[in-house]
Each structure stands twice: as structure tokens, then as C-alpha cells.
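In this text, residue positions in the sequence shown follow the UniProt record's numbering: the first is 1, and each later residue adds one.
Structure record follows, encoded as C-alpha cells.
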Amino acid sequence: MASILRSAKVFAKEDALPKIPAAEFCHFLQEHFKVEPGVVQVMMTSVKDLAPEPVYISVRAKGTPPRREKVDELLAGIGRWLAGRGLQTGKVRIELFEPSQQAVHAWRQSKL
């Protein structure tokens with residue numbers, strides 16, 4: 001089973017958000033963290049003001065031993081991806097959680 005990455009929250013001023021399309025960022029995170037489609041939820045939040053960095057990203061992920069060993073590498077990779085889209089400064093944080101403390105439920109309307 002793939003490691004679980006639950007969410008990425010992006011906080012930025014309105015003019016920066018078009019540089020981080022949610023679907024593209026979600027796809028990147030799936031590949032970067034090696035998780036299956038549908039596991040990651042990306043939330044884009046426009047803020048009136050933000051300091052000291054113009055973009056702040058908060059990632060929550062399952063705290064597996066291999067992931068804990070690669071935290072710096074994972075964060076740097078996200079920074080490189082964002083810089084490649086014209087965001088030269090920002091801050092990314094990651095919170096690794098204990099899986100037994102996490103639950104998720106998704107729902108969809110039946111097609112019947």
C-alpha cells in the first residue's frame with residue numbers, strides 16, 4: 001500500500017495563486033511523495049496579506065520512517081517545483097502524523 005499524504009494547504013495573495021494550479025500541484029505531490037491519485041487534497045486559500053513570505057504551504061503527511069528520513073529532501077523538492085513556476089520565495093512546512101490518529105471519509109452521490 002502507498003504511503004499516505006493527506007493534505008496540502010496553500011496560502012498566498014491572489015496574484016500568486018495562478019502560478020500554483022491546484023490540479024498541477026496535486027499531481028506533483030502525488031509523484032513527489034509516491035502516493036496514489038485521490039489520496040492528496042490540495043486547498044488553495046487567497047489571503048488579504050501575508051508576511052514575511054509571499055507564499056506559505058502547510059503539508060500533512062503520514063509519518064513513515066522513510067519519509068521522516070527524507071523530510072528536508074521532500075521540502076526542498078516542493079520549493080524547487082514552486083520556483084520553477086516563478087515563485088522565488090516562500091515557506092513550506094510539513095507535519096508528519098501518526099496514522100492511528102488519522103481518519104478520512106469521502107462521499108459521492110450515487111449514479112443510480
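In this text, a Cβ means the ideal position worked out from N, Cα and C, and glycines have one as well.
Remember, it's a predicted structure, so these values are computed and weren't measured experimentally.
Tell me where the alpha helix (DSSP H) around Glu95 begins and ends.
-> Start at 1 with the first residue of the sequence shown, and residue 95 comes out as number 95. Glu95 -> not in any alpha helix (DSSP H); beta strand (DSSP E) instead, spanning Lys91 to Phe97.
Asp15 to Val47, Cα distance in whole Å?
-> Translated into the one-based positions of the sequence shown, residue 15 becomes position 15. Translated into the one-based positions of the sequence shown, residue 47 becomes position 47. Asp15 and Val47: Cα-Cα distance of roughly 10 Å.
May I have the straight-line CA-CA distance separating Val59 from Gln101, to the nearest angstrom?
-> One-based indexing of the sequence shown puts residue 59 at position 59. One-based indexing of the sequence shown puts residue 101 at position 101. Each residue's Cα considered, the two are about 16 Å apart.
Can you give the beta carbon distance from Val10 to Thr45, rounded, assuming they're within the 8 Å contact cut?
-> Taking the first residue of the sequence shown as position 1, residue 10 is located at position 10. Taking the first residue of the sequence shown as position 1, residue 45 is located at position 45. So it is a contact: roughly 7 Å between Cβ atoms.
Ordered along the chain, which non-local residues of its own chain (more than five positions away) have a Cβ less than 6 Å from that of residue 113?
-> The requested residue 113 does not occur in the structure, where the chain is confined to residues 1 to 112.
Given a cut-off of 8 Å, decide if Arg80 and Lys19 are closer than it, judged by their beta-carbon atoms.
-> Position 19 of the sequence shown, counting from 1, holds the residue named residue 19. Position 80 of the sequence shown, counting from 1, holds the residue named residue 80. Not closer than 8 Å, so no.
Measure the alpha-carbon distance for Ala51 versus Trp107 and round it to whole angstroms.
-> Counting from one through the sequence shown, the residue named residue 51 turns up at place 51. Counting from one through the sequence shown, the residue named residue 107 turns up at place 107. Each residue's Cα considered, the two are about 36 Å apart.
Please report how far the alpha carbon of Gly63 lies from the alpha carbon of Lys111, in whole angstroms.
-> The residue labelled residue 63 in the question sits at position 63 within the sequence shown. The residue labelled residue 111 in the question sits at position 111 within the sequence shown. Using only the alpha carbons, I get a separation of about 36 Å.
Straight-line Cα distance separating Ala22 from Asp49 = Counting from 1 along the sequence shown, the entry for residue 49 is found at position 49. Counting from 1 along the sequence shown, the entry for residue 22 is found at position 22. Taking the straight line from one Cα to the other gives about 20 Å.
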